Each structure stands twice: as C-alpha cells, then as structure tokens.
Amino acid sequence: MGSYGIGYAVGKAGLFKAAGILAVELGDKGITAYNVHPGFIATERMALHTAELEGLDLSYAAPPEVCGAVAAWLANDPTDNPPRNGTNIESQQFCAERNLVPSWTPAGRYAAGGGRAGKVAADN
Numbered sequence: 020m021g022s023y024g025i026g027y028a029v030g031k032a033g034l035f036k037a038a039g040i041l042a043v044e045l046g047d048k049g050i051t052a053y054n055v056h057p058g059f060i061a062t063e064r065m066a067l068h069t070a071e072l073e074g075l076d077l078s079y080a081a082p083p084e085v086c087g088a089v090a091a092w093l094a095n096d097p098t099d100n101p102p103r104n105g106t107n108i109e110s111q112q113f114c115a116e117r118n119l120v121p122s123w124t125p126a127g128r129y130a131a132g133g134g135r136a137g138k139v140a141a142d143n
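The opening position of the sequence shown corresponds to residue 20 in the working numbering, with each subsequent residue numbered one higher.
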C-alpha cells in the first residue's frame, strides 16, 4: 500500500488537541490557535505517485490554494465572525462557505451545485 504509515497518522492525531490547549493556556494573552484540517488535497506527491498506486481520482481533490487561503484568512485576524479560539477548521468547508478561492468549485459534501474540486476557472 502506498499511502502514509502509522507514524504519520499518530503524529497528526497527537496534534489534534493542540489548538484547544493553546487557546486555554494563551488565549488571555491574545493568542489565537486553530487546527486546520486540509482534507483531500491534490498535492504534487499525490499526482506523481500515490494517486496511481491507490487508484485515487484527484478530480475530487481540492488544490493546495484552498488550505492556504483559509490559513491566510485566519492569520489576518478576521473580524467578520471568526471561529472560536481553539477550534478545528475543516478548510474545504470553510473556504467554500466564504468563497475564499472564487475559481475553485468544491466537490462532494462541499459542492453547492455539483462540480469537481480539482478544477479551477482556468482549467474549465
């Protein structure tokens, strides 16, 4: 199997509680922390190796810009209804709700009117 190993999964799981702990310990100092879950992202590695080995359809994967746009939005200290400090952010849902990457059409559960997440306006 060509996907990630147990060590990778355990490491990611260990960080799952980090944002909540940081929010409690440092929130009164103005520190804001979020766990940003990228979801299914079409990375270069996936395109080169994993997709073929695993039989993944990357047309349903979001481009990396989606997670980047969410991280940038959060880092710019948003004032229009920011998430609660210490929460987990599903980047694709968050991005779709706020239309942070207008050229991206979400797929699956985030698709408003259908479409494929791996496609941006320039590809259509």
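We treat Cβ as the ideally placed atom computed from N, Cα and C, and that holds for glycine. Model, not experiment: these values are computed from the prediction.
| query | result |
| --- | --- |
| Boundaries (first-last residue) of the alpha helix (DSSP H) holding Val29 | 25–33 |
| Spatial neighbours of Pro102 in its chain, beta-carbon cut-off 7 Å, leaving aside the 5 residues before and after | Tyr53, Ile108 |
| Environment of Ala115 [buried if 16+ CB atoms lie within 10 Å] | buried |
| The region 78–96 in contact with the region 47–64 per 3-pair CB rule at 8 Å | yes |
| For Val89 and Val55, believed in contact at Cβ under 8 Å, the rounded distance | 6 Å |
| Rounded straight-line distance, which links the Cα of Asp99 to that of Lys36 | 25 Å |
| Pair within 8 Å by beta-carbon distance, Ala32 and Thr106 | no |
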